[in-house]
């Protein structure tokens with residue numbers, strides 16, 4: 113394996129988002145990873161996360177002075193916007209050409225999410241594409257990396273997951289379908305537990321619409337309030353017994369596992385994608401991407417890792433802090 117698997121995971125995530133959302137196949141996993149446009153896009157995505165965190169947390173000099181980091185952030189956003197506009201234009205042209213030639217109906221092809229939307233509202237389609245790429249790439253990388261690290265550290269859990277996956281994938285190249293993926297509850301439990309231990313971010317940020325008193329403190333309207341459920345509530349012993357242990361069983365609907373969840377636990381202690389109408393637009397894409405990637409990796413390889421201490425650092429989103437030097441040993445069957 114390469115010295116740092118982070119870049120391979122990042123390539124997988126960007127390729128998957130573009131494939132599902134834009135119906136664009138970039139070739140990041142094979143022949144096209146060194147294409148200059150793709151390299152520029154990946155650099156821009158990194159800059160948005162790193163510079164967005166710096167400018168948001170530090171004194172806002174950029175509001176009054178021509179700060180270089182702000183100019184760099186705007187250039188990164190322009191790069192992502194140009195990329196999304198280009199591929200949406202290609203997608204719309206492709207839909208029009210297919211419609212004229214009658215290929216869409218004849219072949220029963222599905223258009224991408226944004227192809228459907230762009231026919232009615234191109235601007236909204238571009239905005240959603242930018243959000244999916246800029247806000248989806250690195251958080252998905254962290255979620256996937258954190259779950260793989262947890263499975264590598266807990267071989268008994270990895271063995272149980274392998275047993276479940278073999279039930280729907282008897283051979284390494286057996287097809288994954290929407291139907292047979294419904295039979296992977298333990299896989300989904302592993303992903304939830306991995307995200308709990310390695311959360312994407314601290315929680316949800318909301319701006320108060322009116323004055324409110326919180327624990328005796330008056331918070332005036334217009335104040336941004338962070339609800340750090342992902343960091344705090346999901347890592348408190350009163351809600352999650354054996355809080356630092358990777359125990360996917362706590363997410364299974366089984367009465368024998370009730371002791372793994374605190375009596376005062378609430379569904380709102382774990383909201384990695386938010387809740388309600390302002391929840392993450394890419395949740396379903398991320399879920400599907402992670403389930404497919406982990407199912408294929410665990411089915412084909414035994415996953416190991418030397419050390420996972422201080423694996424992540426906190427910026428605007430959580431970021432990898434060490435090289436991901438995974439050990440993938442191919443399975444015999």
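In my numbering, the protein residues as written are 113 to 445. For glycine and all other residues, C-beta sits at the position ideal for the given N, C-alpha and C.
Given residue 345, which residues of its chain have a CB within under 6 Å of its CB, disregarding the five upstream and five downstream residues?
The residue given as residue 345 occupies position 233 in the chain shown. Taking residue 345 as the centre and dropping the five residues before and after it, the same chain places the C-beta of 351 and 381 closer than 6 Å to its C-beta, in chain order.
What does a CB cutoff of less than 8 Å around residue 413 pick up in its chain, not counting 5 residues either side in sequence?
Taking the chain shown and counting its residues from 1, the one referred to as residue 413 is at position 301. Same-chain partners within the cutoff: 440, 441, 442 and 443.
Whole runs of the alpha helix (DSSP H) within the segment 387-417, excluding any shorter than 4 residues
Secondary structure in the segment 387-417: the alpha helix (DSSP H) runs of 4 residues or longer, each lying completely within the stretch, are 395-412 in chain order.
Quick one: which unbroken beta strand (DSSP E) runs of 3-plus residues sit fully inside the segment 134-196? Chain order, please.
If we require 3 residues or more, the segment 134-196 turns out to have no beta strand (DSSP E) run fully inside it.
Assuming residue 265 is part of the alpha helix (DSSP H), what are its boundary residues?
One-based indexing of the chain shown puts residue 265 at position 153. Per DSSP, residue 265 belongs to the alpha helix (DSSP H) from 249-265.
Environment of residue 142 [buried if 16+ CB atoms lie within 10 Å]
Mapped onto the chain shown, residue 142 falls at position 30. Flag for residue 142 reads exposed.
Length of the line joining the Cα atoms of residue 261 and residue 176
Indexing the chain shown from 1 puts residue 261 at position 149. Indexing the chain shown from 1 puts residue 176 at position 64. Near 43 Å, if we compare the C-alpha coordinates of residue 176 and residue 261.
Beta-carbon proximity list for residue 253, same chain, < 8 Å, skipping 5 on both sides:
By 1-based counting over the chain shown, the position of residue 253 is 141. Taken in chain order, the residues that qualify are 118, 121, 122, 125 and 432.
Residues of its chain near residue 166, where Cβ-Cβ distance is below 7 Å and the 5 sequence neighbours each way are ignored:
Position 54 of the chain shown, counted from the first residue, corresponds to residue 166. Hits under 7 Å: 181.
Contact the segment 126-140 vs the segment 198-206: 3+ CB pairs below 8 Å:
Yes, the segment 126-140 touches the segment 198-206.
Reducing DSSP to helix, strand and coil, say where residue 289 ends up.
Counted from its first residue, the chain shown places residue 289 at position 177. It is coil, neither helix nor strand.
Under 7 Å Cβ to Cβ from residue 334, same chain only, skipping five residues before and after it: list those, please.
Counted from its first residue, the chain shown places residue 334 at position 222. Excluding residues within five positions, the ones whose Cβ falls inside 7 Å are 319 and 320.
Could you give the DSSP three-state label for residue 357: helix, strand or coil?
Taking the chain shown and counting its residues from 1, the one referred to as residue 357 is at position 245. Residue 357: coil per DSSP, three-state reduction.
State buried or exposed for residue 275, treating a residue as buried only when at least 16 other CB atoms are found within 10 Å of its CB.
Within the chain shown, numbered from 1, the residue matching residue 275 stands at position 163. Exposed: under 16 other Cβ atoms inside 10 Å.
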